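Visitor: First, the structure itself, so that you have it in front of you.
Number of protein chains: 2
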Amino acid sequence: MDSRNLIVLTEPEIDTFLVDGRCEVLKQLVDPCQVLNGDGLTADEWRGVLSDYNPEILVAGWKTPALPLDVLSDVAPSLGYVCYLPGSVRKLVSREMIEAGLLVSNWGASISRTVAECALLLALGCLRRAGYWSEYMHNRQGWKDASTQTQSLFDRRVGIHGFGGVAQALVPLLRPFGCTISVYSEGVPAEIYERNGVRSTSSLEALFRENEVLFEVEALTPERRGIIDEAMLRRIPRGGTFVNIARGDLVEEVGLLKVAREGHIQVGLDVYQQEPLPADHGFRGCHNIMMLPHLGGATTDRRRDAADHSLENLKRYKRGESILSPVTVEVYDRST
Amino acid sequence: MDSRNLIVLTEPEIDTFLVDGRCEVLKQLVDPCQVLNGDGLTADEWRGVLSDYNPEILVAGWKTPALPLDVLSDVAPSLGYVCYLPGSVRKLVSREMIEAGLLVSNWGASISRTVAECALLLALGCLRRAGYWSEYMHNRQGWKDASTQTQSLFDRRVGIHGFGGVAQALVPLLRPFGCTISVYSEGVPAEIYERNGVRSTSSLEALFRENEVLFEVEALTPERRGIIDEAMLRRIPRGGTFVNIARGDLVEEVGLLKVAREGHIQVGLDVYQQEPLPADHGFRGCHNIMMLPHLGGATTDRRRDAADHSLENLKRYKRGESILSPVTVEVYDRST
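In the order they appear, the protein sequences are chains A and B.
Residue 231 in the numbering used here is what sits at position 222 of the first sequence, and the numbering runs on without skipping anything.
Residue 135 in the numbering used here is what sits at position 126 of the second sequence, and the numbering runs on without skipping anything.
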């Protein structure tokens, strides 16, 4: 059966991920190939495309339709590698396909530094209450007064929950501020902490009790659902800051709202249990919560980093080498 | 005539500047001394205090009343050094007193790093439009959509106008982002640029034309009033960011508002021509302007840095050495 690779991306995806010659590099890497816009294809049309081209490699984006469940057995038996340019592959690929041996990759850790950057923005914003001031100055003619309190990140005790790619990208951004950085993350070898010049803390409770600026960057697992609950948040010293840039489900939101409303800590959030955040959610209007609508991942201008990561993986695949950060069953189960 | 030094500070000033034993250190340094709260004293009462104590050293704060114009000739002829813990001494000391030989110091460059931190916050905030999102999510049930654009500071071309203490404190905060940093500032020796690892640009126009994120941190002089006008701002490439953390009068605000309203650049402001910002100012409600109410200087928690700077100066004064960053006539004329 004849096979031709597929690049199924929309024009905006091509224009932002595949800038500065990356589109040509991609086409050469997966030659012979066909470029298609999969947005709006019916399931039958998509099935037909997959069957006609029977690709070995599928390069996919946000608008690529879900793969039919029998894609490997019947529709496109040559399919060996799905190279997904963005993040979560859940809408595209089933768990069973990965179990059956389909190779899958996404943007992996290439976006860690922009997520870390967003975490820093939220922390600096909480310390100066930038979210509050924006609203107060734009809508309510606000200006500071004698009671205005401001805080700096310089010389702070910073606690990081989790020590994956985002946390490790955050550390160098914090360095110039002279922060003392402590980390709690289960199962991370001591040498990783040492190499990054941070100290580890004996428990999550101690991390929250002993630090002033807390970053939540841990991976979501079933056991960690709601691990940041009201009691945990009450351990943060008065005047402290809590930033969640990881997953909304790590936090028990009712407890967070209760603590936030008391006004003794500042909160910066990019992620929520339910996204889009419901219109009537209690967070809205609570002005010591600085909010962003899940913008942490690859910024529009840095989608090129995700493309570079995928191009590197395609090169490795073509050379018969193993790819970087494959979406294994474990990774799949942890993703949202 | 007998002389006793004066520490004229309010309780909140003592509680925030003179933390962790600094108050005792100060008292010992200026012994014999009297601690007074000058807030609310009438001009006659204040004149009486100065006359009674005839201090050689006056340690002062925001609420210390203005020195009478004849303080050196008549009221307190022993006065040799005014150590002002905060910034602008204009309300306390006259130009003539400095000309007459009165030694004056303020927080000098000790606050540069927190101003630089605020500049970074505004730049990161502009790139992700954090001011807009705060308002939109809190008040208008907002969430991102397919048209949402986000930008990162990583690998950006950054331009800095001015290269004093704040700019030099900003450079290390930008380093981890891998920015290419260009500077324009008249009269700065090339070796200063080299030592800080930045390149200099031939003109202010070139700085604005060739960079994507522009920081205004130059000192205000009469010639620089309104130097950032509409034409200058139009040189910033589309999608760029302009941050002013220096002085409002460096910017021609009517031109800035006109350019900002067109929406092609993001703007971050901490300073304004008129402060407090008038309630009906056009900036209010223009949501690609992220605003703070002049919070750049020493944050509440870092007033201790300003105190340390003053304590160092008092030690130098007592040893007969020259003090750090004295408020000379030139500095006085440039201050606001």
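In this text, a Cβ means the ideal position worked out from N, Cα and C, and glycines have one as well.
Keep in mind it's a predicted model, so treat the numbers as computed, not measured.
#1: With three or more C-beta pairs closer than 8 Å as the rule, is the segment 191-211 of chain B touching the segment 146-160 of chain B?
#2: Quick check on the burial criterion: 16 or more other C-beta atoms within 10 angstroms. Buried or exposed for Val263 of chain A?
#3: Spatial neighbours of Val199 of chain B within its chain, please: CB distance less than 8 Å, with the 5 preceding and 5 following residues excluded, ordered by chain position.
#4: So Ile237 of chain B packs on Glu261 of chain B, CB below 8 Å; how close in whole Å?
#5: So is Ala109 of chain B buried or exposed if we call it buried at 16+ other beta carbons inside 10 Å?
#6: Quick one: is Pro246 of chain B near chain A, going by C-beta distance under 8 Å?
#7: Can you give the beta carbon distance from Ile254 of chain A to Val226 of chain A, rounded, assuming they're within the 8 Å contact cut?
#8: Tell me, to the nearest whole angstrom, how far the beta carbon of Arg31 of chain A is from that of Arg313 of chain A; I am working on the premise that it is less than 8 Å.
#9: Suppose the cutoff is 6 Å on Cβ atoms and the five residues either side in sequence are ignored; what does the same chain contact list for Ile66 of chain A look like?
#10: Buried or exposed: which applies to Arg233 of chain A, given that a residue is buried once 16 or more other Cβ atoms fall within 10 Å of its Cβ?
#11: Can you list the residues of chain B that Trp152 of chain A reaches, using a CB-CB cut of under 7 Å?
#12: According to DSSP, is Asn14 of chain A part of a helix, a strand, or is it coil?
#13: Starting from the beta carbon of Asp310 of chain B, find every residue of chain A whose beta carbon is closer than 7 Å, and list them in chain order.
#14: Please return the same chain residues whose Cβ sits closer than 6 Å to the Cβ of Arg104 of chain A, not counting the five positions on each side in sequence.
#15: Which chain A residues are close to Arg270 of chain B, counting only those with a beta carbon under 8 Å from its beta carbon?
#16: Please classify Ala139 of chain A: does DSSP put it in a helix, a strand, or coil?
#17: Could you pull out every residue in the same chain whose Cβ sits closer than 8 Å to the Cβ of Pro285 of chain A, ignoring the five residues on either side in sequence?
#18: Which whole runs of the beta strand (DSSP E) in the segment 27-88 of chain A are 3 residues long or more, in chain order?
#19: Which of the three DSSP states, helix, strand or coil, is assigned to Phe172 of chain B?
#20: Kindly list the residues whose CB is nearer than 6 Å to the CB of Arg166 of chain A, restricted to its own chain and excluding five residues on each side of it in sequence; keep chain order.
#21: So, using beta-carbon positions, are Val180 of chain A and Phe224 of chain A closer together than 8 Å?
#22: For Asp48 of chain B, which residues in the same chain have their Cβ closer than 8 Å to its Cβ, ignoring the five residues on either side in sequence?
#23: Considering Cα atoms alone, identify which of A:Gly291, A:Glu126, A:Cys127, A:Ile169 is closest to Ile245 of chain A.
#24: Leaving aside the five residues before and after Leu229 of chain B along the sequence, list all residues of the same chain whose C-beta is less than 8 Å from its C-beta, in chain order.
#25: What residues are listed by DSSP as bridge partners for Pro8 of chain B?
#26: For the beta strand (DSSP E) that Leu223 of chain A lies in, which residues bound it at each end?
#27: Check Phe251 of chain A in the structure and name its three-state DSSP category.
#28: Suppose the cutoff is 6 Å on Cβ atoms and the five residues either side in sequence are ignored; what does the same chain contact list for His273 of chain B look like?
#29: For Val260 of chain B, name the three-state secondary structure that DSSP assigns.
#30: Assign Ile190 of chain A to one of three DSSP states: helix, strand, or coil.
#31: Since Gly277 of chain A sits in a beta bridge, which residues does DSSP pair it with?
#32: Closest to Ala128 of chain A by C-alpha separation, out of A:Tyr62, A:Val336, A:Leu76, A:Gly174, would be which residue?
#33: Name the residue from A:Val44, A:Val124, A:Asp53 whose alpha carbon lies nearest to the alpha carbon of Asp79 of chain A.
#34: Using the Cα positions of Ser82 of chain A and Gly329 of chain A, report the straight-line distance between them to the nearest angstrom.
#35: Of all the CB atoms in chain B, is at least one closer than 8 Å to the CB of Gly49 of chain A?
#36: Examine chain B for any beta-carbon lying closer than 8 Å to the beta-carbon of Ala255 of chain A, and answer yes or no.
Guide: Taking the coordinates as given:
#1: no
#2: Sequence index remark: in the first sequence, residue 263 of chain A carries index 254 (1-based). So Val263 of chain A counts as exposed.
#3: Counting from 1 along the second sequence, the entry for residue 199 of chain B is found at position 190. Reading off the sequence, residue 199 of chain B comes out as Ala, not Val. So the qualifying residues of the chain are Ser209.
#4: Reading the second sequence from its first residue, position 228 is the one you call residue 237 of chain B. Reading the second sequence from its first residue, position 252 is the one you call residue 261 of chain B. Right, their Cβ atoms sit about 7 Å apart.
#5: Position 100 of the second sequence, counting from 1, holds the residue named residue 109 of chain B. Ala109 of chain B comes out exposed.
#6: Taking the first residue of the second sequence as position 1, residue 246 of chain B is located at position 237. Pro246 of chain B does not count as touching chain A.
#7: On the first sequence, position 245 is the one that residue 254 of chain A refers to. On the first sequence, position 217 is the one that residue 226 of chain A refers to. Right, the Cβ-Cβ distance comes to about 6 Å (below 8 Å), so this counts as a contact.
#8: For the purposes of this step, residue 31 of chain A is identified with residue 22 of the first sequence, where counting begins at 1. For the purposes of this step, residue 313 of chain A is identified with residue 304 of the first sequence, where counting begins at 1. 7 Å between Cβ atoms; contact.
#9: By one-based count along the first sequence, residue 66 of chain A stands at place 57. If we look at Ile66 of chain A and ignore the five residues flanking it on each side, its Cβ neighbours are Asn14, Val39, Tyr90.
#10: Stepping through the first sequence from its first residue, residue 233 of chain A is reached at position 224. Buried, because 16 or more other Cβ atoms sit within 10 Å of the Cβ of Arg233 of chain A.
#11: As a working mapping, residue 152 of chain A is identified with position 143 in the first sequence. Residues of chain B passing the Cβ test: Pro285, Leu286, Pro302.
#12: Translated into positions along the first sequence, residue 14 of chain A becomes position 5. Of the three classes helix, strand and coil, the one that applies to Asn14 of chain A here is strand, per DSSP.
#13: Along the second sequence, read from residue 1 onward, the residue named residue 310 of chain B stands at position 301. Under the 7 Å cutoff, chain A gives Gln160, Ser161.
#14: In the first sequence, counting from the first residue as 1, residue 104 of chain A sits at position 95. Once the five neighbours on either side are set aside, the close Cβ partners of Arg104 of chain A are Tyr341.
#15: Counted from its first residue, the second sequence places residue 270 of chain B at position 261. Within chain A, no residue comes near Arg270 of chain B; the closest Cβ sits about 14 Å away, beyond 8 Å.
#16: The count along the first sequence starts at 1 and reaches residue 139 of chain A at position 130. Correct three-state label for Ala139 of chain A: helix.
#17: Position 276 of the first sequence, counting from 1, holds the residue named residue 285 of chain A. Here the set comprises Pro302.
#18: 42-45, 66-69
#19: On the second sequence, position 163 is the one that residue 172 of chain B refers to. The answer is coil: DSSP assigns Phe172 of chain B none of H, G, I, E or B.
#20: Here residue 166 of chain A refers to the residue found at position 157 when the first sequence is read from its first residue. Here the set comprises Thr189, Asn220, Glu221.
#21: In the first sequence, residue 180 of chain A corresponds to position 171, counting from 1. In the first sequence, residue 224 of chain A corresponds to position 215, counting from 1. Contact flag unset, no.
#22: Against the second sequence, residue 48 of chain B aligns to sequence position 39. Contacts found: Thr19, Lys72.
#23: By one-based count along the first sequence, residue 245 of chain A stands at place 236. Ranking the options by Cα distance to Ile245 of chain A, first place goes to A:Ile169.
#24: Position 220 of the second sequence holds residue 229 of chain B. Excluding residues within five positions, the ones whose Cβ falls inside 8 Å are Ala255, Arg256, Asp258, Leu259, Arg343, Thr345.
#25: One cannot answer for residue 8 of chain B here, as it falls past the ends of chain B, which runs 10 to 345.
#26: Position 214 of the first sequence, counted from the first residue, corresponds to residue 223 of chain A. Looking at the DSSP string, the run of the beta strand (DSSP E) that includes Leu223 of chain A is 222-225.
#27: Counting from 1 along the first sequence, the entry for residue 251 of chain A is found at position 242. Note: Phe251 of chain A maps to strand in three-state DSSP.
#28: Here residue 273 of chain B corresponds to residue number 264 of the second sequence, with the count starting at 1. For His273 of chain B, where only same-chain residues beyond five positions count, the Cβ hits under 6 Å are Arg247.
#29: Working through the second sequence from its first residue, we reach residue 260 of chain B at position 251. Strand, per DSSP.
#30: Taking the first sequence and counting its residues from 1, one reaches residue 190 of chain A at position 181. It is a strand residue.
#31: In the first sequence, residue 277 of chain A corresponds to position 268, counting from 1. Gly277 of chain A is bridged to A:Val252, A:Met299.
#32: Residue 128 of chain A sits at position 119 when you count from the first residue of the first sequence. Among A:Tyr62, A:Val336, A:Leu76, A:Gly174, the Cα nearest to that of Ala128 of chain A is on A:Gly174.
#33: Taking the first sequence and counting its residues from 1, the one referred to as residue 79 of chain A is at position 70. The option with the nearest alpha carbon to Asp79 of chain A is A:Asp53.
#34: Taking the first residue of the first sequence as position 1, residue 82 of chain A is located at position 73. Taking the first residue of the first sequence as position 1, residue 329 of chain A is located at position 320. If you take the alpha carbons of Ser82 of chain A and Gly329 of chain A, they lie about 23 Å apart.
#35: Stepping through the first sequence from its first residue, residue 49 of chain A is reached at position 40. Closer than 8 Å: no.
#36: Stepping through the first sequence from its first residue, residue 255 of chain A is reached at position 246. Chain B contact via Cβ: absent.
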